[in-house]
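Residue numbers (the numbering used here): 978 to 1530. Built from N, CA and C at the ideal position, the CB exists for glycine as well. Reading through the structure tokens given below for one structure.
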């Protein structure tokens, strides 16, 4: 089903959406009734189900083709980013409290509550503004970290949830039905952080004064409820990236029911104007399939993904990928045999039980086993090295040196070596002194091999390219670059190589369609369009030269 703005009965542009699926619009109720016998077979092609292990989830009730919208949903709450990095806490650009447009701290403030806005005329929700205006005093310092600490976006997200009890009791009830994992959170770092950053902050700065000035506005705003809301957000929020680059957090009753899997079958897009989320089938779905998205980075290994999910979502994943020690044959978590360094067996260490963080790791060739604690320590050390290097602007030589060291301990497809190789293919051909025309034929062949390795890993982990479109597009562009350079060199078959380069760029164009609305996707698409144009020019020039040579002969 494709969302349409035209009435299916008369064809005129319509504004009244089907209240059930939001997918079809009608010009009046009479046409909606007339169309219902046909539409009811397609309205909401899924149902809610529940079991002890998964909780509530969504199951498809009919076949759905890849790319089709499964459902469109209005949010319960949309607000600022929930998990803030150190960089976020020092950022000078923050979301406007009214419209979420990028706003410079200290430049414009809401006339009433003094929170950051994008312009002097931008206003935000009156009830929210009235509560924020209760905040006493002003920032004692004007540096960005102090201002970010004073205007806490994550706390504002909780306040937005809290205000639903007065603004929309129906949404409030739906919000409280969501899992919060209250018992599991107690005593954890997340619970302690929520107490310091959100609960105590809201209580001291706004809610205590609210009880004195307007006690009937919010009947339930104590610390216990605030912690419950923090748990609901942690467990259920969806990351929303706006075209401006601003990242928000959204809570949706049905979209948040979608099951997590480390190989998803759905993706979603957020409409900044309507604040609706559109969930699309990432592949052909069959009746009985579960709707699945992912809450973690699918380029991480199983141990890291499981740790992240337990820490932030309070559950362990039991999907097919997590149960497979080889992770669909990619070996993205695997180590080389850690036996006798003087007499290696050439085998691969894999976890005996991938779901157990303390599991033994066994070589698939010799009897050698190592403790999970040792592997965790080893990988943590390697993470520091890789992230430390890539955080800067490393040279190809620096990446090669670290890659050579890690190759002695990690499988060639390990997620750390994957990141290093993905960086390397972009440096070869672009770094000063390593331009494509300077590279040797051997270096060009190696670059193609690295691209093939990376491409194959991506295709195994994300066969429908739902989450890895940016990575795959970069790989395909680098493949095209290399093929074009090979076509320029004798005695290459220029025509066939250029045709192959063109096909890789066309594939990249198809892959990148899913990322057209993201900031990274837009930038990469601009580059891709230039690459396609340059490739077509090169093909025409090559054909002209061939014809010219033929005429001379």
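Three-state secondary structure assigned by DSSP to residue 978 = In this prediction, residue 978 has a pLDDT of 45, which is less than 50 and means its spatial position is unreliable; nothing more can be read from the coordinates.
For the candidate residues 1093, 1088, 1087 and 1075, whose alpha-carbon lies nearest to that of residue 1081?
-> 1093
What residue range is occupied by the uninterrupted beta strand (DSSP E) comprising residue 1121?
-> First-last for residue 1121: 1121-1127, but that is the alpha helix (DSSP H), not the beta strand (DSSP E).
Would you tell me roughly how many angstroms separate the C-alpha atoms of residue 1256 and residue 1056, rounded to the nearest one?
-> 19 Å
By Cβ distance below 6 Å, which residues in the same chain neighbour residue 1161 in space, the five residues on each side in sequence not counted?
-> 1291
For residue 1036, which of helix, strand or coil comes out of DSSP?
-> strand
Do residue 1175 and residue 1132 come within 8 Å of each other at the CB atom, strictly closer than that value?
-> yes
Which same chain residues, not among the five before or five after residue 1471, have their C-beta less than 7 Å away from its C-beta?
-> 1464 and 1519
Applying the criterion that 16 or more other CB atoms from any shown protein chain within 10 Å of the CB defines a buried residue, is residue 1147 buried or exposed?
-> exposed
Taking one C-beta from the region 1382-1397 and one from the region 1350-1360 each time, how about it: are there three or more such pairs within less than 8 Å?
-> yes
Between residue 978 and residue 1288, what straight-line distance do the alpha-carbon atoms span, to the nearest angstrom?
-> Only weak support is given to the placement of residue 978: the predicted model assigns it a pLDDT of 45, under 50, and the value that follows is read from those uncertain coordinates. Answer to the nearest angstrom: the Cα atoms are 37 Å apart.
Note the first and the last residue of the continuous beta strand (DSSP E) segment covering residue 1217.
-> 1215-1218
Beta-carbon gap between residue 1040 and residue 1268 smaller than 8 Å = no
Report yes if the C-beta distance between residue 1213 and residue 1228 is below 8 Å; otherwise report no.
-> yes
Which residues in the same chain have their Cβ closer than 8 Å to the Cβ of residue 1085, if we skip the five residues on either side of it in sequence?
-> 1093, 1094, 1095, 1096, 1097 and 1099
Which residue or residues does DSSP assign as beta-bridge partners of residue 1262?
-> 1041
State the start and end residues of the unbroken alpha helix (DSSP H) segment that holds residue 1279.
-> 1279-1289
Going by CA-CA distance only, name the one from 1265, 1503, 1346 and 1352 that's closest to residue 1280.
-> 1352
Range of the contiguous beta strand (DSSP E) that encloses residue 1326 | 1325-1328
Segment limits, beta strand (DSSP E) that includes residue 1229 = From DSSP, residue 1229 is part of no beta strand (DSSP E); its letter is neither H nor E.
Quick one, which of 1127, 1134 and 1198 has its alpha-carbon nearest residue 1142's?
-> 1198
Taking buried to mean at least 16 other C-beta atoms within 10 Å of its own C-beta, is residue 1034 buried or exposed?
-> buried
Kindly indicate which residue of 1121, 1128, 1122 and 1152 has the alpha-carbon position closest to the one of residue 1110.
-> 1128
Could you check the C-alpha separation between residue 1181 and residue 1122 for me, to the nearest Å?
-> 20 Å
Look up residue 1344 in the DSSP assignment and give the residues it is bridged to.
-> According to DSSP, residue 1344 bridges with nothing at all.
Three-state class that DSSP yields for residue 1305 in the structure shown = coil
Any 3 or more C-beta pairs closer than 8 Å across the region 1235-1252 and the region 1292-1299 = yes
Where does residue 1068 fall in DSSP's three states?
-> coil
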